[in-house]
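A.B. asks:
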Amino acid sequence: MPDDHERIQELRKEIERHNRLYYEAAAPEISDRDFDALLKELEKVEALHPDDAPSPTRHVGGRPLLQFESVRHLVPMQSLDNTYSPTELMEFLARVRKLSGELLLTFTIEPKIDGVAIALLYENGKLVRATTRGDGTTGDNVTQNILTISNIPATLKGTAPEQIEIRGEIYMPKQVFLRLNQERDEQGMPAFANPRNTAAGSLKQLDPALVAERGLAGIFYGFGAWTGQKPAKSSLVQEQFRTWGLPVSEKLLLAESDGEVIAAVEELGRTRHDFTYETDGAVIKLDGLNLRDELGSTSKAPRWAIAYKFEPEQAETKLRAITIQVGRTGVLTPVAELDPVLVAGSTVARATLHNEEEILRKDIRVGDTVLVEKAGEVIPAVVGVKKDLRSGAETVFDMPATCPSCGSAAIKDGVAWRCVSPACPAQLRRRIEYFASRGAMDIEGLGEALVGQLVEAGLLKGLPDIYSLSKEQLLELDRMGEKSASNLLEAIAGSKARPLWRLLNGLGIPHVGVSSARDLAARYRTIDALAAADRESLLKVHDIGDIMADAISAWFQAPSTHDTLDALKSRGLNFGDADSQGAAADDKLSGTIWVLTGSLSIARDEAADMIRSRGGKVTGSVSKKTTHVLAGAEAGSKLDKARELGVRILDETAFRELCGGA
Ligand code: IVH
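So the sequence shown is numbered by this note's numbering: it starts at 1453 and just counts up by one.
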């Protein structure tokens, strides 16, 4: 039996090893539960023999937490008072002038970011803690999650104070939100309501790996504690943040008179849709920091700042009909056909209703006057119904039991209804469009309109038919000339040699997108090897979980898959065997996770392919899972973060050597 001291050493070593396996190699050997048991045992023996030695029980960086630690803010995180009209805003300006005893004051005007408030504590330039607002006095310690966000530096550039608490918002960029919801619609999962809630929900995930996938970003506008000398004005604070490498608002307007302040607020109102984040207003602050201290705050909010809330951009319009859109995987999505209306800067005539349950929950009826908003200011959505305007002639929507395209019975799958007919023409069109698209087989010229024509004419009944099209057939089509026909046939022929991952992505295997297609191609190298892979083997591939492993196995077992694959193979498509030549399919980089940053002499895609063809994975942001960073010239915050995390950093020469002198 080892004595307690020996056991402590043993456990610390063992736990650190598992931490490395989990975060750096992404190859855990034990379950979360077993890991927690080790940690608990260590805590217990350590309690009997307290010491100051470094211990995994004391530093962040373990497995997903069981719950967040509660942290007291150094300076409470307050809220802002709101105004809704120019008059109220002018009252605020007059109040500040009166309280400060000065008539000529400078104010800053900046967007109010609709995100989740966060406080980052940097000590001597290192991020040591990130805390949510919580109740304003105490919040949750979400440091591990914040470290996965690529635009938040783990280390501040240049000289930093001994201690500074940076305040700002975490948000989900509007485009990321749009993509996430499209994927969820496709997979029959309920859509997220808006970027703010999605960002908040993501930050609450206990597993940082999940947070890393959500594409969150940060933006910073204020501070709590700040030791030593600080700038005199908030406009200079913003400059300082920028120098440290912290993301700040691209707009910070300065104004003195009432008229100037109101004009600045109006400017932000006009341009609010151009920001990558959602804004629900403008924040007007006194620029001078000394005066701010003099004015102080009430129990809830500072006296030196106020929010001006923009009108929510909604529009009322008539819902004329609900149509059904058939997706590439057969999901039937109800779509609102609206009287065109202007909302948030563009005309909206159609809006997704996501799924049947959403329509029932909101009690949306055909003929209703509905409120349209852009969720995340990008996707138009029906957010409510003006029930008081109903005439009685409105009709309740019945989700059709059959597919509008092929008439076969629809099957309920999660919140979605799905057409599962392999012969459905709408699905076929979507599948071919996807197969030919830039992220898949990249067949130039084979776009939506032409695919529609070819399916209609009966020339395309499945993916393999693309490779049997003849010039004569093409020339029969409307608006198809000699030159375009030759170009198209050339593009089709050229696509046969595309790397395996493009084919895997294009085939439409459920849940498999670009990134997993690349991982699968790197792991199995040929379609035949992938088709033969069992569940256990699939689960070992990066980011492939139970659902995906099952979906992939089921897809390869379906008889229709065999027919498609046989036909594609006989038409000479690259099933992976061609990839293994040239770039030498070795396993040298197997298990490594890379981030590329800075400018390289070769194209990024090329460097990424060199890594993947050797079994490595390429990701976008540096986290604890990153094992290598390839840094080119002028590499910025990613490189800093890599240094902070002790990740191995290579320049191009070292990288080429590692790849075997390629
Ligand atoms: S200044 C003492 N500036 O909105 C609070 N806040 O509704 C000073 N917010 O609590 C906050 N964008 O979480 C400030 N540009 C901005 C902001 C902003 C968003 C948040 C912040 C605040 C909340 C109040």
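Just so it is clear, CB atoms sit at the ideal spot from N, CA and C, and this is done for glycine as well. These numbers were taken from a predicted model, which means no experiment stands behind them.
In the DSSP assignment, find the beta strand (DSSP E) that holds T1731 and state where it starts and stops.
C.D. replies: 1731 to 1738 is the span of the beta strand (DSSP E), which, as asked, contains T1731.
A.B. asks: Which whole-angstrom value is the C-beta distance of S1889 and C1876, which I expect to be below 8 Å?
C.D. replies: Not really, about 19 Å apart at Cβ, beyond 8 Å.
A.B. asks: What residue ranges within the segment 1935 to 2022 form continuous beta strand (DSSP E) runs of no fewer than 3 residues, ordered along the chain?
C.D. replies: The qualifying runs do not exist here; there are none.
A.B. asks: Leaving aside the five residues before and after I1467 along the sequence, list all residues of the same chain whose C-beta is less than 7 Å from its C-beta, in chain order.
C.D. replies: If we look at I1467 and ignore the five residues flanking it on each side, its Cβ neighbours are L1490, L1491, L1494, P1508.
A.B. asks: Pull up the CB-CB distance for L1541 and R1549, whole angstroms please, since I reckon it's below 8 Å.
C.D. replies: That pair is no contact at about 13 Å.
A.B. asks: With a threshold of 8 Å (Cβ to nearest heavy atom), would R1802 be considered close to the ligand IVH?
C.D. replies: False, no ligand heavy atom lies under 8 Å from that Cβ.
A.B. asks: Does the Cβ of Y1536 lie closer than 8 Å to at least one heavy atom of the ligand IVH?
C.D. replies: No, Cβ of Y1536 sits at least 8 Å from all heavy atoms of the ligand IVH.
A.B. asks: Are the segment 1623 to 1638 and the segment 1578 to 1595 in contact at 8 Å, needing three or more beta carbon pairs?
C.D. replies: Because the criterion of three Cβ pairs below 8 Å is not met, the segment 1623 to 1638 and the segment 1578 to 1595 do not touch.
A.B. asks: Alpha carbon to alpha carbon, how far is K2021 from M2000?
C.D. replies: Cα to Cα, the separation comes out at about 24 Å.
A.B. asks: Using DSSP with H/G/I as helix, E/B as strand and the rest coil, what is G1620?
C.D. replies: The answer is strand: DSSP assigns G1620 an E or B state.
A.B. asks: So T2071 and I2045 are in contact, right, with Cβ under 8 Å, and what is the actual spacing, rounded?
C.D. replies: Rounded, the Cβ-Cβ distance is 6 Å, consistent with contact.
A.B. asks: So for R1459, helix, strand or coil by DSSP?
C.D. replies: Looking at R1459 - three-state DSSP - the assignment turns out to be helix.
A.B. asks: Determine the contact status of V1848 and L1771, defining contact as a CB-CB distance below 9 Å.
C.D. replies: Against a cut-off of 9 Å, the Cβ pair of L1771 and V1848 comes out as no contact.
A.B. asks: Taking only runs of the alpha helix (DSSP H) that begin and end inside the segment 1879 to 1909, which ones reach a length of at least 4 residues, in chain order?
C.D. replies: You should have 1900 to 1908.
A.B. asks: Buried or exposed: Q1690, going by 16 or more other Cβ atoms within 10 Å of its Cβ?
C.D. replies: Answer is buried; the Cβ neighbour count reaches 16.
A.B. asks: Determine, using beta-carbon pairs with one atom in the segment 1636 to 1650 and one in the segment 1689 to 1706, whether at least three such pairs fall under 8 Å.
C.D. replies: At 8 Å Cβ cutoff, the stretches do not touch.
A.B. asks: Around the C-beta of S1749, are 16 or more other C-beta atoms found within 10 angstroms, so that it is buried, or is it exposed?
C.D. replies: So S1749 ends up on the exposed side.
A.B. asks: To the nearest angstrom, report how far apart P1832 and F2107 are at their CA atoms.
C.D. replies: When rounded, the distance between both Cα atoms is 46 Å.
A.B. asks: Are the beta-carbon atoms belonging to R1870 and V1783 less than 9 Å from one another?
C.D. replies: Yes. Within cutoff.
A.B. asks: Distance, Cα to Cα, Q1461 vs L1706?
C.D. replies: Computed Cα separation, rounded: 58 Å.
A.B. asks: Cβ of V1594 within 8 Å of any heavy atom in the ligand IVH?
C.D. replies: No, Cβ of V1594 sits at least 8 Å from all heavy atoms of the ligand IVH.
A.B. asks: Between which two residues does the alpha helix (DSSP H) holding V1663 run?
C.D. replies: Element bounds for V1663: 1660 to 1664.
A.B. asks: Leaving out five residues before and five after G1904 in sequence, what residues of the same chain have Cβ atoms less than 8 Å from its Cβ?
C.D. replies: R1881.
A.B. asks: Just mark K1935 as buried or exposed, buried being the case when its beta carbon has 16 or more other beta carbons within 10 Å.
C.D. replies: The residue in question, K1935, is exposed, as its Cβ has fewer than 16 Cβ neighbours within 10 Å.
A.B. asks: Would you kindly report the start and end of the unbroken beta strand (DSSP E) that includes T1558?
C.D. replies: It is not in any beta strand (DSSP E) - T1558 carries neither H nor E in the DSSP assignment.
A.B. asks: Hey, how far is the Cα of G2034 from the Cα of T1799?
C.D. replies: Any answer about G2034 is weak, because its pLDDT of 39 lies below 50 and its placement is not dependable; what the coordinates show is given next. So the alpha carbons of these two residues sit roughly 51 Å apart.
A.B. asks: Identify the continuous beta strand (DSSP E) that holds E1763 and give its terminal residues.
C.D. replies: It is not in any beta strand (DSSP E) - E1763 carries neither H nor E in the DSSP assignment.
A.B. asks: Quickly, what does DSSP pair F1672 with across the bridge? List them, please.
C.D. replies: Looking at the DSSP assignment, F1672 forms a beta bridge with G1620.
A.B. asks: Going residue by residue through the segment 1538 to 1583, where are the continuous beta strand (DSSP E) segments of at least 3 residues, counting only ones entirely within it?
C.D. replies: Whole beta strand (DSSP E) segments, 3+ residues: 1559 to 1565, 1568 to 1575.
A.B. asks: Can you pull the DSSP bridge partners for I1863?
C.D. replies: I1863 pairs with R1870.
A.B. asks: Is the beta carbon of I1598 within less than 8 Å of some heavy atom of the ligand IVH?
C.D. replies: Not so, every heavy atom of the ligand IVH lies at least 8 Å from the Cβ.
A.B. asks: If you measure from the CB of R1619, is any heavy atom of the ligand IVH nearer than 8 Å?
C.D. replies: Yes - the ligand IVH has a heavy atom lying nearer than 8 Å to the Cβ of R1619.
A.B. asks: Within a Cβ cutoff of 6 Å, which residues of the same chain sit near L2110, ignoring the five residues on either side of it in sequence?
C.D. replies: So no residue of the chain qualifies.
A.B. asks: Pairs of beta-carbons, one from the segment 1861 to 1868 and one from the segment 1805 to 1824, closer than 8 Å: are there three or more?
C.D. replies: Result yes; three or more Cβ-Cβ pairs closer than 8 Å.
A.B. asks: One question on the structure: do T2049 and V2081 come within less than 9 Å of each other, judged by their Cβ atoms?
C.D. replies: Their beta carbons are under 9 Å apart, which means T2049 touches V2081 by this criterion.
A.B. asks: Would you say the segment 1667 to 1675 touches the segment 1599 to 1606, given that touching needs at least three Cβ pairs under 8 Å?
C.D. replies: These segments touch.
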